[in-house]
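Our numbering puts the first residue of the sequence shown at 209, with every later residue one more than the last.
C-beta atoms are modelled at their ideal positions from N, C-alpha and C, and glycine is treated no differently.
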Amino acid sequence: MDRSRFARLALVLAVALLAGVPLAAANARALGQATPATSPVASPLASPAASPVAGADDTYVEPAGRFTVPIPTGWQAETVGDSAVLRSPEGDITATLLVVDGTDPAAAIAEAWRRVEPGFDREPEQTVEPPPPPGVERVVVATYDTGAASGEIVQGIGQLVGDRVYVQLYRGPVPAILRRAAQIQIIDSGFAITGVERTDLSGTAARPLAAEQLAELESYVAETLARLAVPGAAVAVVQDGRIVYEQGFGVRELGGEAPVTPETRMMIGSTTKSMTTLMMATLVDEGRLSWDTPVVDLLPGFAVADPELTRRLTIQNTVCACTGVPRRDLQFFFNAAE
209 MDRSRFARLA
219 LVLAVALLAG
229 VPLAAANARA
239 LGQATPATSP
249 VASPLASPAA
259 SPVAGADDTY
269 VEPAGRFTVP
279 IPTGWQAETV
289 GDSAVLRSPE
299 GDITATLLVV
309 DGTDPAAAIA
319 EAWRRVEPGF
329 DREPEQTVEP
339 PPPPGVERVV
349 VATYDTGAAS
359 GEIVQGIGQL
369 VGDRVYVQLY
379 RGPVPAILRR
389 AAQIQIIDSG
399 FAITGVERTD
409 LSGTAARPLA
419 AEQLAELESY
429 VAETLARLAV
439 PGAAVAVVQD
449 GRIVYEQGFG
459 VRELGGEAPV
469 TPETRMMIGS
479 TTKSMTTLMM
489 ATLVDEGRLS
499 WDTPVVDLLP
509 GFAVADPELT
519 RRLTIQNTVC
529 ACTGVPRRDL
539 QFFFNAAE
């Protein structure tokens with residue numbers, strides 16, 4: 209592929225990813241709800257006793273020192289009672305973070321809602337328990353049905369560590385959450401529980417794959433597929449620039465018999481995001497463009513609804529999920545055959 213086509217492919221793929229990543233905890237049903245005109249969420253969390261925390265691109269440190277969380281650019285953070293409250297620039301999204309004593313994450317989420325919104329009496333429409341990250345014993349995600357007319361996402365996440373549950377409560381209109389999904393992801397992924405160490409493999413040399421490790425690897429893959437109800441997977445290990453192991457596990461579909469092999473075709477999904485940014489970074493390294501190059505300089509026909517925003521969008525903006533362009537996943541799904 210010649211360089212000009214390479215550059216155009218990279219940029220076209222990047223434009224397709226303008227909407228960025230989904231809210232980590234939001235489920236597909238909530239994101240697919242009908243959304244009427246956006247109306248600001250009433251803020252029962254506001255309090256005359258609230259203590260503002262200064263600084264965008266800063267870090268909120270809980271007064272008791274039990275957790276920290278990054279404050280996205282333009283957001284406001286304050287301490288309200290025993291909670292940390294982060295609000296979007298428009299004030300229509302709230303992320304409330306607090307600690308509840310106990311060992312039941314679902315019960316702690318319910319208690320957290322009662323503390324911050326005394327009139328909150330909803331039962332979760334859906335409760336899921338995803339695999340916990342290292343250092344966390346259990347994670348529970350509770351999603352609430354607010355009715356199609358409300359057009360809201362209301363969700364609670366509880367992480368159990370010892371005899372405390374660290375709770376995140378999110379509330380906001382669907383369109384606003386889609387626009388601010390990348391910043392919500394910053395809050396969610398940056399929420400750090402004091403004393404829980406995060407795995408850091410930077411600077412760690414990879415150990416060579418030995419034959420005696422294969423049985424353990426295969427047992428882990430099979431056990432994980434069963435635990436997560438995944439019908440099948442293909443696994444490859446690359447070492448020193450070559451494939452040293454490849455194996456298929458399970459079947460291609462639930463209830464089917466066709467086995468997964470190393471040659472089974474899989475949906476590529478979000479792998480295109482890393483492929484796109486790798487191609488773009490290669491061109492930046494070669495000096496063919498920069499992250500600050502306006503998109504219209506390379507694609508003169510590119511445009512969004514706002515002409516001023518069209519002129520301002522840069523190559524970096526196309527892959528940072530910070531433009532405010534909403535997601536279009538469901539349109540992609542239903543128009544896949546076109």
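Taking residue i as the reference, give the member of the options with the closest Cα.
{"i": "residue 519", "options": "508, 527, 433, 529", "result": "508"}
{"i": "residue 385", "options": "406, 434, 335, 297", "result": "297"}
{"i": "residue 423", "options": "511, 453, 414", "result": "453"}
{"i": "residue 404", "options": "327, 273, 415", "result": "273"}
{"i": "residue 382", "options": "360, 392, 374", "result": "360"}
{"i": "residue 467", "options": "478, 455, 477", "result": "455"}
{"i": "residue 180", "options": "341, 523, 436, 421", "result": "Outside the shown range of the chain, which is 209 to 546, sits residue 180, and nothing can be said about it."}
{"i": "residue 180", "options": "282, 291, 489, 462", "result": "This structure cannot settle anything about residue 180, because the visible part of the chain is limited to 209 through 546."}
{"i": "residue 462", "options": "316, 433, 283, 270", "result": "433"}
{"i": "residue 270", "options": "287, 282, 283", "result": "287"}
Does the Cβ of residue i have 16 or more other Cβ atoms within 10 Å, making it buried, or fewer, making it exposed?
{"i": "residue 475", "result": "exposed"}
{"i": "residue 428", "result": "exposed"}
{"i": "residue 438", "result": "exposed"}
{"i": "residue 491", "result": "buried"}
{"i": "residue 469", "result": "exposed"}
{"i": "residue 409", "result": "exposed"}
{"i": "residue 313", "result": "buried"}
{"i": "residue 316", "result": "buried"}
{"i": "residue 267", "result": "exposed"}
{"i": "residue 250", "result": "With a pLDDT of only 30 at residue 250, under the threshold of 50, the placement of this residue in the model should not be trusted, and no figure is reported."}
{"i": "residue 285", "result": "buried"}
{"i": "residue 336", "result": "exposed"}
{"i": "residue 521", "result": "buried"}
{"i": "residue 303", "result": "buried"}
{"i": "residue 411", "result": "exposed"}
{"i": "residue 289", "result": "exposed"}
{"i": "residue 376", "result": "buried"}
Kindly give me the distance between the Cβ atoms of residue i and residue j, rounded to whole angstroms, as I take these residues to be in contact under 8 Å.
{"i": "residue 367", "j": "residue 347", "result": "5 Å"}
{"i": "residue 305", "j": "residue 275", "result": "7 Å"}
{"i": "residue 351", "j": "residue 339", "result": "Contact flag wrong, Cβ pair sits at about 18 Å."}
{"i": "residue 477", "j": "residue 460", "result": "Not a contact, Cβ separation roughly 16 Å."}
{"i": "residue 430", "j": "residue 472", "result": "Not a contact, Cβ separation roughly 16 Å."}
Within a Cβ cutoff of 7 Å, which residues of the same chain sit near residue i, ignoring the five residues on either side of it in sequence?
{"i": "residue 309", "result": "371, 372"}
{"i": "residue 530", "result": "390"}
{"i": "residue 485", "result": "527"}
{"i": "residue 398", "result": "277, 278"}
{"i": "residue 416", "result": "447"}
{"i": "residue 516", "result": "none"}
{"i": "residue 311", "result": "368, 371"}
Apart from the five residues just before and just after residue i, which ones in its own chain have a Cβ nearer than 6 Å to its Cβ?
{"i": "residue 512", "result": "518"}
{"i": "residue 354", "result": "360, 362"}
{"i": "residue 330", "result": "352"}
{"i": "residue 451", "result": "444"}
{"i": "residue 321", "result": "328"}
{"i": "residue 525", "result": "531"}
{"i": "residue 280", "result": "391, 394"}
Taking only three categories from DSSP, how would you classify residue i?
{"i": "residue 396", "result": "helix"}
{"i": "residue 278", "result": "strand"}
{"i": "residue 354", "result": "coil"}
{"i": "residue 385", "result": "helix"}
{"i": "residue 313", "result": "helix"}
{"i": "residue 437", "result": "coil"}
{"i": "residue 409", "result": "coil"}
{"i": "residue 548", "result": "This structure cannot speak to residue 548, because the chain is shown only from 209 to 546."}
{"i": "residue 415", "result": "coil"}
{"i": "residue 486", "result": "helix"}
{"i": "residue 442", "result": "strand"}
{"i": "residue 372", "result": "strand"}
{"i": "residue 469", "result": "coil"}
Taking only beta-carbon positions, decide if residue i is within less than 8 Å of chain E.
{"i": "residue 396", "result": "Here chain E cannot be found, since the structure has a single protein chain."}
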